[in-house]
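If you read the protein sequences in the order shown, they are chains A and B.
The numbering used here numbers the first residue of the first sequence as 41 and each following residue consecutively.
The numbering used here numbers the first residue of the second sequence as 52 and each following residue consecutively.
Glycine residues also receive a C-beta, built at the ideal position from the N, C-alpha and C atoms.
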Amino acid sequence: MTTNNTETTAVKPSGWQEFWSKEDWWAVWLGLGIVILAAVLYLSGSSISWIAVAPAKWSNFSQLTAQFARNGVKYLALLGAFTVLFSIVVSFIGQKPKAFIPSFIFIFILSAIIYTLGNWDQASKYNLEPPLVALVVGLIISNVIGLPRWLDAGFRVEFYIKLGIVLLGATLPFTLIIWAGPVAILQASIVSVVTFLVIFFVARKLGLDHRLAAVLGAGGAVCGVSASIAVAGAVRAKKEDPPIAITLVVLWAIIFVFALPLISRSLSLPTGTAGAWIGTSEFADAAGLAAAQSYGGLAGHHLGITGTPDQALAAYTLIKVIGRDVWIGIWSLVLALISVTVWERNETKSKVQVGQIWWRFPKFVIGFLVASALITFIVYNHTLGDYTKTVKPVLITPIITLRTWAFTFSFLSIGLTTRFRELAAVGSKPVIAFTVGVIANVILGYFLSVIVFGHYWAAIVTH
Amino acid sequence: MKIFESLTLNHTGPRCQNCAHFQSDPALIEQTYPGLATMSSGYASVRDRDGLCNFHQVYLSGRDNCESFVAGRVEVEQEH
Numbered sequence: 041m042t043t044n045n046t047e048t049t050a051v052k053p054s055g056w057q058e059f060w061s062k063e064d065w066w067a068v069w070l071g072l073g074i075v076i077l078a079a080v081l082y083l084s085g086s087s088i089s090w091i092a093v094a095p096a097k098w099s100n101f102s103q104l105t106a107q108f109a110r111n112g113v114k115y116l117a118l119l120g121a122f123t124v125l126f127s128i129v130v131s132f133i134g135q136k137p138k139a140f141i142p143s144f145i146f147i148f149i150l151s152a153i154i155y156t157l158g159n160w161d162q163a164s165k166y167n168l169e170p171p172l173v174a175l176v177v178g179l180i181i182s183n184v185i186g187l188p189r190w191l192d193a194g195f196r197v198e199f200y201i202k203l204g205i206v207l208l209g210a211t212l213p214f215t216l217i218i219w220a221g222p223v224a225i226l227q228a229s230i231v232s233v234v235t236f237l238v239i240f241f242v243a244r245k246l247g248l249d250h251r252l253a254a255v256l257g258a259g260g261a262v263c264g265v266s267a268s269i270a271v272a273g274a275v276r277a278k279k280e281d282p283p284i285a286i287t288l289v290v291l292w293a294i295i296f297v298f299a300l301p302l303i304s305r306s307l308s309l310p311t312g313t314a315g316a317w318i319g320t321s322e323f324a325d326a327a328g329l330a331a332a333q334s335y336g337g338l339a340g341h342h343l344g345i346t347g348t349p350d351q352a353l354a355a356y357t358l359i360k361v362i363g364r365d366v367w368i369g370i371w372s373l374v375l376a377l378i379s380v381t382v383w384e385r386n387e388t389k390s391k392v393q394v395g396q397i398w399w400r401f402p403k404f405v406i407g408f409l410v411a412s413a414l415i416t417f418i419v420y421n422h423t424l425g426d427y428t429k430t431v432k433p434v435l436i437t438p439i440i441t442l443r444t445w446a447f448t449f450s451f452l453s454i455g456l457t458t459r460f461r462e463l464a465a466v467g468s469k470p471v472i473a474f475t476v477g478v479i480a481n482v483i484l485g486y487f488l489s490v491i492v493f494g495h496y497w498a499a500i501v502t503h
Numbered sequence: 052m053k054i055f056e057s058l059t060l061n062h063t064g065p066r067c068q069n070c071a072h073f074q075s076d077p078a079l080i081e082q083t084y085p086g087l088a089t090m091s092s093g094y095a096s097v098r099d100r101d102g103l104c105n106f107h108q109v110y111l112s113g114r115d116n117c118e119s120f121v122a123g124r125v126e127v128e129q130e131h
């Protein structure tokens with residue numbers, strides 16, 4: 041052990057800086073800023089709909105060119121607004137806007153093309169669901185064509201998805217969160233605990249270290265890579281442990297983005313039920329949202345699939361965000377405690393800090409809840425007829441449009457940042473442990489989402 | 052009870068985040084762990100002030116501490 045008594049010149053980091061140095065908080069500031077602006081304009085008889093532009097349904101090129109000729113200025117304004125706002129965010133979190141701006145313009149143009157393709161009236165006939173198209177296009181570009189590394193600056197998967205989830209909150213009634221939240225927590229907790237224990241004990245049985253087993257277990261059970269990296273920090277994992285979990289989560293998450301909607305479709309699951317299953321069994325927020333949005337988009341286009349696109353998104357978000365993501369601080373605390381009291385009892389005298397429950401809390405969830413409460417309060421006195429006729433087109437639809445843009449940026453960024461060659465090599469033992477957990481998760485998730493609570497998720501009210 | 056004795060509200064003394072062996076720059080963490088930015092982020096709240104200890108070769112919390120602390124490093128990305 042080397043001890044150096046040199047005096048530190050370091051300034052003690054302030055708790056306040058989290059508010060402008062973390063993507064989560066920026067998703068809250070930006071998302072709530074958009075929602076508040078939309079609400080203020082709505083209450084004063086106006087709307088943000090001018091700038092919340094999106095491609096409309098089209099069936100031939102003359103319609104398409106007419107659309108873009110009519111709305112070209114709006115698209116430029118939207119690109120300008122996103123670029124300015126996101127550049128502010130990246131400069132605060134410590135990235136260079138100079139690298140971000142060209143990269144974001146690239147993402148925006150590709151997203152516009154994918155969004156437009158998704159609104160072609162023949163798109164569903166050819167299975168061109170925009171989230172999956174975005175993912176596939178991104179994967180092909182990054183793994184086959186290749187892009188200069190500096191372009192990565194704009195591929196901020198997590199920031200875009202968190203912003204989209206805050207905006208999603210504004211389109212979900214707060215009463216739904218109160219009503220369905222406890223069921224989501226119950227269902228997700230059962231699956232999370234079982235999945236974690238399966239991965240952990242299989243990993244231990246195969247001889248893997250406690251901490252690696254915990255990092256793998258958290259990745260499969262809680263919220264994918266985010267959980268793995270949080271638990272790795274909490275239990276003081278070996279430097280080489282997180283990449284093993286990252287590789288396994290990324291590969292399984294990509295498989296499930298395509299597999300879960302496909303299986304749900306073959307079983308003709310209602311959109312709400314499929315959304316709950318995807319929320320229970322998919323690992324990462326962004327990948328799961330791609331799967332849920334993709335499946336929701338099939339409603340009304342494919343025979344036998346009942347429900348609405350919003351039900352898939354709502355059920356998914358309740359299970360994944362409220363049921364799984366928010367508990368990461370608790371998981372970290374408990375595993376850190378087990379780590380210092382059992383696994384490394386003789387190696388450390390360190391104590392576990394209770395504050396990590398809050399420090400590791402995914403703060404964007406606060407924005408999601410506040411946005412939901414705010415819009416629910418504003419529309420509270422309207423009848424369903426008023427809501428559909430007045431509130432929805434002026435207040436809700438523009439927010440949905442901006443949300444869809446944010447999600448598309450994210451789905452595209454998943455593909456663009458997934459470079460299979462660069463993922464860490466993984467030995468057979470972690471693969472076996474994680475895969476056994478995945479199988480347990482997907483079967484138990486199906487049982488709870490479809491057989492036990494299926495009727496519940498199929499009937500959730502999203503307006 | 053042992054469990055309660057192992058809990059604390061706040062560590063006193065030097066913390067890893069001010070140690071010369073510790074690196075927590077989000078960009079560097081994303082570079083070190085390919086795939087992190089694909090399904091999570093170096094800049095996410097869940098990562099708190101975690102980073103890499105180049106002395107013990109572990110990934111841990113910057114709020115942690117140990118006897119190998121070497122002072123003198125300002126965590127630039129945390130300070131502004």
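Contact list for residue i against chain A, beta-carbon separation under 7 Å
i             : result
residue 79(B) : What residue 79(B) touches in chain A: nothing, since even the nearest Cβ is about 11 Å away.
residue 89(B) : 197, 290, 454, 457 and 458
residue 74(B) : Under the 7 Å cutoff, chain A gives no residues; its nearest Cβ is about 11 Å from residue 74(B).
residue 64(B) : Those do not exist, as residue 64(B) stays about 11 Å from chain A at its closest Cβ, beyond 7 Å.
C-beta atoms of residue i and residue j nearer than 8 Å
i              : j              : result
residue 355(A) : residue 315(A) : yes
residue 127(A) : residue 191(A) : no
residue 62(A)  : residue 94(B)  : yes
residue 293(A) : residue 336(A) : no
residue 76(B)  : residue 273(A) : no
residue 129(A) : residue 70(A)  : yes
residue 193(A) : residue 136(A) : yes
residue 430(A) : residue 92(A)  : no
residue 449(A) : residue 147(A) : yes
Chain B residues whose Cβ lies nearer than 7 Å to that of residue i
i              : result
residue 284(A) : Simply none; closest approach about 10 Å.
residue 399(A) : 99
residue 64(A)  : 95 and 96
residue 338(A) : Chain B residues near residue 338(A): none, gap ~24 Å exceeds 7 Å.
Residue i versus residue j: straight-line alpha-carbon distance, rounded
i              : j              : result
residue 321(A) : residue 374(A) : 22 Å
residue 232(A) : residue 362(A) : 13 Å
residue 200(A) : residue 470(A) : 30 Å
residue 72(A)  : residue 432(A) : 18 Å
residue 48(A)  : residue 112(B) : In this prediction, residue 48(A) has a pLDDT of 35, which is less than 50 and means its spatial position is unreliable; nothing more can be read from the coordinates.
residue 125(A) : residue 108(A) : 24 Å
residue 463(A) : residue 87(B)  : 10 Å
residue 254(A) : residue 347(A) : 38 Å
residue 203(A) : residue 446(A) : 7 Å
residue 163(A) : residue 100(A) : 12 Å
residue 364(A) : residue 105(A) : 44 Å
residue 209(A) : residue 284(A) : 33 Å
residue 51(A)  : residue 399(A) : Unreliable placement is indicated for residue 51(A), whose pLDDT of 42 sits below 50; the coordinate value is still reported in the next sentence. Distance between the alpha carbons of residue 51(A) and residue 399(A): 19 Å.
residue 67(B)  : residue 120(B) : 7 Å
residue 79(B)  : residue 183(A) : 22 Å
residue 488(A) : residue 299(A) : 18 Å
Amino acids of chain B, ordered along the chain, whose beta-carbon sits closer than 9 Å to that of residue i
i              : result
residue 585(A) : This structure cannot speak to residue 585(A), because chain A is shown only from 41 to 503.
residue 228(A) : Simply none; closest approach about 17 Å.
residue 25(A)  : No statement about residue 25(A) is possible, as the shown extent of chain A runs from 41 to 503 and does not include it.
When the options are compared against residue i, the one with the closest alpha-carbon
i              : options                           : result
residue 287(A) : 268(A), 80(A) and 217(A)          : 268(A)
residue 410(A) : 455(A), 56(A), 58(A) and 65(A)    : 65(A)
residue 352(A) : 132(A), 384(A), 494(A) and 86(A)  : 494(A)
residue 115(B) : 62(B), 55(B) and 57(B)            : 62(B)
residue 509(A) : 349(A), 58(A), 503(A) and 246(A)  : The requested residue 509(A) does not occur in the structure, where chain A is confined to residues 41 to 503.
residue 379(A) : 271(A), 82(A) and 491(A)          : 271(A)
residue 165(A) : 499(A), 467(A), 406(A) and 342(A) : 342(A)
residue 473(A) : 344(A), 266(A), 382(A) and 258(A) : 258(A)
residue 237(A) : 198(A), 226(A) and 250(A)         : 250(A)
residue 234(A) : 481(A), 252(A) and 430(A)         : 481(A)
residue 276(A) : 65(B), 59(B) and 73(B)            : 73(B)
residue 486(A) : 465(A), 312(A) and 239(A)         : 312(A)
residue 490(A) : 92(A), 308(A) and 396(A)          : 308(A)
residue 501(A) : 367(A), 252(A) and 218(A)         : 218(A)
residue 80(A)  : 414(A), 476(A) and 145(A)         : 414(A)
residue 396(A) : 467(A), 141(A) and 371(A)         : 371(A)
Under 8 Å by beta carbon: chain A residues contacting residue i
i             : result
residue 59(B) : 391, 392, 393 and 394
Contacts of residue i in chain B (Cβ-Cβ under 8 Å)
i              : result
residue 205(A) : Result: empty, since nearest Cβ-Cβ is about 13 Å, beyond 8 Å.
residue 462(A) : 85 and 86
**Request:** Count the C-beta pairs between the region 160-172 of chain A and the region 410-421 of chain A that are closer than 8 Å, then say yes if the count reaches three, no if not.
**Result:** no
**Message:** Measuring CB atoms only, is the region 446-466 of chain A touching the region 322-340 of chain A, in the sense that at least three cross pairs come out at less than 8 Å?
**Reply:** yes
**Item:** At least 3 beta-carbon pairs within less than 8 Å: the region 300-309 of chain A vs the region 95-105 of chain B
**Value:** no
**Request:** Determine, using beta-carbon pairs with one atom in the region 69-89 of chain A and one in the region 432-445 of chain A, whether at least three such pairs fall under 8 Å.
**Result:** yes
**Message:** For the region 205-216 of chain A against the region 236-248 of chain A, do three or more pairs of beta-carbon atoms, one drawn from each stretch, fall closer than 8 Å, so that the two count as touching?
**Reply:** no
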